[in-house]
Every structure is written in C-alpha cells, then in structure tokens.
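Q:
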Amino acid sequence: MKKIIFKLAVGISLSIFSSNFALAQTCNAAVQSSAPNSRFLVNDDATVTDLNTGLIWMQCVQGLSGADCASGTAQNLTWDLALQVPQSLNAAGGFGGSSSWRLPNYKELTSLLEIACITPAINANVFPNTPSNNFWSSTPTSQFVDYTFYVNFDTAEGAISQRTGQLFVRLVRDSGL
C-alpha cells in the first residue's frame, strides 16, 4: 500500500515533541489547545457535539463502545468498507437517535486534531481510547483515482492512501439544527 504523507498547516512544528513516543498521550502545555474540553458537549447517548462546528461525532471509533470506549476492538477497514459502515448503521435504525451518520470529509476530520498533543493528537478526555493511528475521510483525491485522504491521529499528519489500505473509522452527522 502506497501512502503519501504531508504535514498539516497548523501554525506550529510538531518537532517540539520528543521523538520517543510513549504509550500515553503527550501534550505540550506551551501550545494553545486547538480542541479544549470546553469546545465539546459529551452527550448521554455516546455522542459528542462540537460546539464550534455544530457537528455531532460518535464518541468511540467503529468497533469500540462503553463509557470509556474500551469495550470491543477498533476496526481497521478498507475505504469501500468504511463507506458501508454508516449505510448499514443507518439502515438498521441508526445510533444515538439518528440515522444520518456518515464518514467525515477531510476538513471535518482534521477539525478534531488537538495540535498540542500527540499519541493521540485528539482530545483524549472527550474521545477516550482513540487509536493513535490513521482514520479514513470520505474525501477522494482528484489527482490519484484510487487514493483517498486520511488523518493520522498519532502525529497530526494528513496524507492520502490507496483505498485498499485498512484504516480506522469515526462517524459524524450534522446537528440538524
């Protein structure tokens, strides 16, 4: 599987972090948080409302559940299978009172990045047990027919990958407001 990686333009260099990644999330207190707790409302139905974007996210990645998202096994899926997850979920009655779930586009997915942290580069209080790994977006590339954008929640990098690669999935929906 070929991957093309590029750094996201977030206004800081991630080189401020040690290159020796620990198993626990590492945050730099000198960098202003891009995804503070106050930006999110954790709902009682295992969803999270992003108060900045109005999007509603599943708190757990696909395959995980529970209050701390520690039950189950996070699923690695090809892009085609990742696109089928929300279709199947919605057809079966949905989740959290909604049947309008979808794979997020690249811009939506990058909005979850916490630039002050790595391993994972997401607000771990709001989105617990998020794998420090690659997550599919719904955004295909225009230059490479068989490639799609993804976000690496280990180091806050964006890239494109062949659609046959197996990456993680977090679903989103519009607020409907």
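Residue numbers for the sequence shown follow our numbering, beginning at 1 and rising by one.
A virtual CB, placed ideally from N, CA and C, is assigned to each residue, including glycine.
Skipping 5 residues on each side, what residues in its chain have a beta carbon closer than 6 Å to that of aspartate 174?
A: none
Q: Could you tell me which residues DSSP puts in a beta bridge with threonine 49?
A: According to DSSP, which records beta bridges pairwise, threonine 49 is partnered with Leu41 and Ile56.
Q: Could you give the first and the last residue of the continuous beta strand (DSSP E) run that contains proline 140?
A: 134–140
Q: Excluding five sequence neighbours on each side, which residues of the same chain lie with their C-beta closer than 8 Å to the C-beta of serine 34?
A: Val10, Leu113, Glu114, Ile115 and Ala116
Q: Please tell me whether phenylalanine 149 and threonine 141 are closer than 8 Å, where the distance is taken between their beta carbons.
A: yes
Q: Helix, strand or coil: which one does DSSP assign to serine 99?
A: Coil at serine 99, not helix or strand.
Q: In whole angstroms, what separates the C-alpha of asparagine 76 from that of serine 38?
A: 30 Å
Q: So the candidates are Arg102, Gly97, Gly93 and Ala74; which of them puts its Cα closest to the Cα of valine 85?
A: Arg102
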